[in-house]
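Colleague:
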Amino acid sequence: MEVKNNNSEAIEHKLDVSVSPHIKDKATVQKVMLDVIIALIPAGFSGIYFFGIRSIYVILTCVIMSVISEWIMQIIMGVEVTVDDLSAVVTGILLAYCLPPSVPLWVAGIGAVTAIALVKNLFGGLGYNIFNPALAARAILVASWPVAMTLYIAPKMGSISLLDGIDGITSATPLTLIKESYNYLADTTNLDPEKIVQMKRNILDLGNKDLWLNLFTGVKGGSLGETSNLALLSGGCYLLIKKIIDWRVPVTFIGTVLIFSLVLGRNPVFNILSGGLFLGAFFMATDYVTSPVTPVGRLIFGVCCGLFVVLIRFYGGYPEGVCYSILIMNMLVPAIDKFTIPKTFGY
Amino acid sequence: MQTFRGGVHPPQSKYTKDKPVEKARLPKKVVIPLHQHAGCQAEPVVSAGDMVKTGQKIGESKAFISANVHSSITGRIESIKKGVSPIMRDGWCVNIEGDGTDEWFGSKETADVGKFSPEEIRQKIKDAGIVGLGGAGFPTHVKLCPPCDKKIDTVIINGSECEPYLTCDYRLMIEKSNEILEGLEIIKKAVGAEYGYIAVEDNKPDAAEKIKSVLKNKNDKVIVLKTKYPQGAEKQLIKAVLNREVPSCKLPLDAGVVVDNAGTAVAVRNAVLENIPLIERVITVCGSGISTGKNLLVRIGTSFRDVLEECGGLKKDVWKVIMGGPMMGLSQFSLDIPVIKGTSGILAMTLDERPVLQERNCIRCGRCIGVCPMSLMPNMLGLYSSRFMLEDGFKYNPQDCIECGSCAYVCPAKIPLVQLIRFIKGKKLEQMRKCKI
Ligand code: SF4
Ligand code: SF4
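Protein chains in written order, with the working numbering: chain A, 1 to 347; chain B, 348 to 784.
#1: If contact is defined by three or more beta carbon pairs under 8 Å, each pair taking one atom from either stretch, is the region 253-262 of chain A in contact with the region 286-305 of chain A?
#2: Closer than 7 Å: is that where the CB of G752/B sits relative to any heavy atom of ligand 1?
#3: Kindly list the residues whose CB is nearer than 8 Å to the CB of T350/B, restricted to its own chain and excluding five residues on each side of it in sequence; keep chain order.
#4: In terms of residues, what are the limits of the beta strand (DSSP E) holding V606/B?
#5: Between the Cα of V293/A and those of N229/A, V333/A, L151/A, spot the shortest distance and give me the residue it belongs to.
#6: May I ask which residues mark the beginning and end of the alpha helix (DSSP H) holding W212/A?
#7: Take E2/A and list the residues in its own chain whose beta-carbon comes closer than 8 Å to its own, dropping the five residues that flank it on each side.
#8: In the structure shown, what three-state DSSP assignment does A108/A receive?
#9: Give me the Cα-Cα distance between D85/A and P367/B, rounded to the nearest whole angstrom.
#10: Quick one: what's H356/B bridged to in DSSP?
#11: D683/B and R646/B - do their beta-carbons sit closer together than 8 Å?
#12: Looking at ligand 2, does it come within less than 7 Å of V830/B, judged from the CB to the closest heavy atom?
#13: So, for G660/B: in the same chain, excluding its five sequence neighbours on each side, which residues have a beta-carbon less than 7 Å away from its beta-carbon?
#14: Per DSSP, which one or two residues make a beta bridge with A546/B?
#15: Taking G78/A as the query, report the chain B residues whose CB atoms sit under 8 Å from its CB, ordered along the chain.
#16: Is any beta-carbon of chain A found at less than 8 Å from that of Y362/B?
#17: For ligand 1, any of its heavy atoms closer than 7 Å to the Cβ of C748/B?
#18: Return yes when the C-beta of P295/A is under 7 Å from any heavy atom of ligand 2, and no when it is not.
#19: In chain order, what residues of the same chain have a beta carbon less than 7 Å from the beta carbon of V718/B, not counting five sequence neighbours either side?
#20: Mind checking F345/A: buried by the 16 CB within 10 Å criterion, or exposed?
#21: Does DSSP put L95/A in a helix, in a strand, or in coil?
#22: What does the Cβ neighbour count give for D210/A, buried or exposed, with the cut at 16 atoms within 10 Å?
#23: Assuming contact is defined by CB atoms lying nearer than 8 Å, are P599/B and G648/B in contact in what I supplied?
#24: Tell me whether A760/B, by its Cβ, gets closer than 7 Å to a heavy atom of ligand 2.
#25: Please go through the same chain and pick out, in chain order, the residues whose beta-carbon is closer than 7 Å to the beta-carbon of D516/B, but skip the five residues on each side of it.
#26: What residues of chain A sit near E592/B, judged by a beta carbon separation below 8 Å?
#27: Counting only the same chain and skipping the five closest in sequence on each side, list residues whose C-beta sits under 6 Å from that of I166/A.
#28: Are the CB atoms of I477/B and A614/B nearer to each other than 8 Å?
#29: Which bits of chain B does L15/A rub up against, with CB to CB less than 9 Å?
#30: Could you check what DSSP says for T631/B in three-state terms: helix, strand or coil?
#31: Do T363/B and K662/B have their C-beta atoms closer together than 8 Å?
#32: Using the C-alpha atoms, what's the distance from A117/A back to F131/A?
#33: Please report the residue range of the alpha helix (DSSP H) in which V147/A lies.
#34: Within the same chain, show all residues whose beta-carbon is closer than 8 Å to that of Q383/B, passing over the 5 residues directly before and after it, in chain order.
#35: Quick check on DSSP: helix, strand or coil for L737/B?
#36: Which residues of chain A have a Cβ atom closer than 7 Å to the Cβ of L723/B, listed in chain order?
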């Protein structure tokens, strides 16, 4: 008895007094980010498989430069260094995935520094940035080095050569091809009958199931990590199952593109499978910091992103609209949050 | 299955589920706070040196929202002095030195519900000093005095016990199901309600079955609810059982409902039918820091130290001792704290259970919004509270927060949301009161 008494006395001086709840969920920012990284791995492998070993260099450059710039920026700005939360790694990977595989490494590096230093840390760091860092950096790169940023190489499966890998033939992405076809046909001054037939065939081909399969698995030109919808979908499902992301954004985003393609008389399957739609819908539009926090807000956000993609793709100057649609919607997030405050219980 | 929106699923940890209620040793001395709940302190009616018997009144409620206090042992009043109670308020406490005889004051008589009018029932409950045994400890007779313009049609017995670890209500439902139903009939009679429900979470199917098997009144029903925290919060329970929403800043009786927890029903029954004042209660002693977890019937005023010792004492690396459950309980700094009427459990948690505490920026994941059972925006309330931007924060209805802790539980950034929201809630309530005057 005596011993026990001593024991409880000794403990008493160390008892922690703090407010409830005394137990907490195991989730931390770091674990959430780790899950996102895990979910991004399949898409990385598909990039390496289709575009060669060079993909690894691009990813590594982006990740390393992101982490270093986060670290340096936080020291310069005199705030707590939080590189260990892994959010810079996520940004690095996402940026790499939306660059063309042939991008010069220095361009990729500048992109990473821009994303972290400019778009993220200057706005106050994780939680305070307005724009998705990876997408904003990509937009800046496209404006600064348009040629390097739109030079796509054709996929050559499994050609894992240790060489540079840019030896692949440059090719248009499916979306560019289709955009050109529609533009050609719309312009009544183009009269080359052979070309008209060719363009019409391009558009008709969209109903081809083999093409769909290629688009789904990733045999197409495009950015490093966006081509394989299969890989992105499996990562996305992982995030949905682990409840890291909310179904609302990806479902409404992709659903809106599907429905509006249908309504506007374009091939809906082709439109959801091509371009960076899956990468954008599952990994970019769901970025916590730059998307709405309220459930209703997320629905609105997803639908509007989808609308902008359709508008840009069909009526805009670019073949691909995912990046810009999300960036545009990022700006509207504070307003969306404000107008979608849930109705409090009992009102 | 019936439930409410939001909520979380902490691990249930109901380790003491199969431990029948044991009677604790008679304490040698007790410290009985005269103030055990929101409301006013009871006035002492004894003085130092007096001899008291078990069940004798030692503190009387003078104000409306207050409750009588009775001696829980037989012995001599050693002193009446300031002391700490587990709810962190220092107030007057009656210290009683026991003589070991445990003689009862007055007679325990048995009676039948039919004998009493609603008025008499309320009086008996008031005399017995019964408060809600769920934790908040609101005086029960006050709850049973609805203003005459409010018609109460339903009484819900809260057997959901949604807090992890706690099993005292579960044991009562298994062991004292008849008493709970008798208590329900008494409460129904006191408020003139027609329907009675016993709400049990689906993780306690045997408790639900047990009560079902002894149900007699056809207006009473056992409702099985989804296991989810905070299922037992009054407003959430009413929503889940009846699909009625208690309006903001209103009470269950505004929705025509009275909610009492299972332990309270037993106490009510004992008070009305057997004249027994509230001098003991069942508590769950549990947690990784305890050698043998138990469900104990403990006299009010027994020190935590005595209770813990009876369960084999604390293990070495205890980190926190909590009164109540881990989600809403209060951590204690001393073991000399007495068990009070609202003590539903004593938990001892060891260091390895200590959660990650390092705080990060809000990453706007929205989880707190998804789980808030009151549909608030805890992230915004936390943000404005931490920046003292009170006026902005007031727009997000902090007064409706029930402090359940679900938001802080899920937050990956480990932001102490409950503390922050409690602060801004207090300010808002202050402002609301000022406006009313
Ligand atoms: S804001 Fe209040 S009511 Fe909502 S989850 Fe947090 S503590 Fe519970
Ligand atoms: S759960 Fe925490 S990190 Fe997530 S939105 Fe709420 S406060 Fe922010």
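Note that CB positions come from ideal geometry on N, CA and C, so glycine has one too.
Keep in mind it's a predicted model, so treat the numbers as computed, not measured.
Modeller: Reading from the atomic positions:
#1: yes
#2: yes
#3: L572, K573, K575, Q578, A587
#4: It spans 604-608 - the beta strand (DSSP E) in which V606/B sits, taken as one unbroken run.
#5: V333/A
#6: In the DSSP assignment, W212/A falls within the unbroken alpha helix (DSSP H) covering 209-217.
#7: Confidence at E2/A is low in this model, with a pLDDT of 36, below 50, so its placement is unreliable and no value can be given for it.
#8: helix
#9: Straight-line Cα distance between these residues: approximately 46 Å.
#10: Paired residues: none, contrary to the question.
#11: No, Cβ-Cβ distance for R646/B and D683/B is not below 8 Å.
#12: Outside the modelled stretch of chain B, which goes from 348 to 784, sits residue 830/B, for which no answer is possible.
#13: S638
#14: N505/B, I570/B
#15: Within chain B, no residue comes near G78/A; the closest Cβ sits about 15 Å away, beyond 8 Å.
#16: no
#17: yes
#18: no
#19: G353, G354, V355, S753, C754, V757
#20: buried
#21: helix
#22: exposed
#23: no
#24: yes
#25: G506, E508, N608, A609, G610
#26: F345, G346
#27: Legend: pLDDT at I166/A = 49, less than 50; position of this residue unreliable, no value from coordinates given.
#28: Contact flag set, yes.
#29: V665, W666, K667, V668, S678, Q679, F680, S681, L682
#30: strand
#31: No, the Cβ-Cβ distance between T363/B and K662/B is not below 8 Å.
#32: 13 Å
#33: Where V147/A is concerned, the enclosing alpha helix (DSSP H) stretches over 146-149.
#34: A414, V416, S432, I434, V478, G484, I687, K688, G689
#35: helix
#36: T344
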